[in-house]
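If you want the working numbering, it's the position in the sequence shown, counting the first as 1, plus 500.
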Amino acid sequence: ILLSNKIGFLPTGLMAMHNLKDPAVVSIAKFAVTEYNKNEDAPLKFITIIKGKQHTVSRSGYRSDLYHLIISVKDNTIVGPQRYEIVVIDQPWVKKQPIKLESFKQFPYFILE
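This is how it looks when you write it as structure tokens:
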């Protein structure tokens, strides 16, 4: 669904992602793990994307994508995979840091829509 308003936004809404193995989406998830590891001095290793939603907004010719993903990672200190909820913004028109990690938090196993 495309909506527009007087200031030029064209949001598509938060849409479920069906191809979680898309190389571009996997790259976004791996970026998030790498950034988290760098900022927190953590040993997490990306395994897979479990669930994902994407929100695209266009304004004045600029497009931004917000990725809301549930990912599975492995930690060398804990047996078995762990789930994390991540939010990443991709703004390809931004020169310095086009991809930005907004949130990275552990996700409870018993909650999965």
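We put the CB at the ideal spot given by N, CA and C, even for glycine. The structure displayed is predicted, hence computed values, not measured ones.
Within its own chain, the residues whose Cβ lies closer than 7 Å to the Cβ of LYS545, once the five positions on either side in sequence are excluded, are VAL573 and LYS574, listed in chain order. Contact between LEU514 and HIS568 holds, with the beta-carbon distance rounding to 7 Å and staying under 8 Å.
Judged by DSSP secondary structure, THR577 falls outside any beta strand (DSSP E); it is assigned neither H nor E.
Taking the C-beta atoms as reference points, VAL525 is found nearer than 8 Å to GLY552.
For ALA516, the enclosing beta strand (DSSP E) has its first and last residue at 514-516. Contact between PHE531 and VAL594 is ruled out by a C-beta separation of about 14 Å, above the 8 Å threshold. The closest CA to that of TYR536, considering only LEU601, PHE607 and HIS518, is found on LEU601. The beta-carbon distance between ILE550 and ILE528, rounded to whole angstroms, is 14 Å. This is too long to meet the 8 Å contact definition. In the DSSP assignment, TYR567 is bridged to GLN554 and VAL588.
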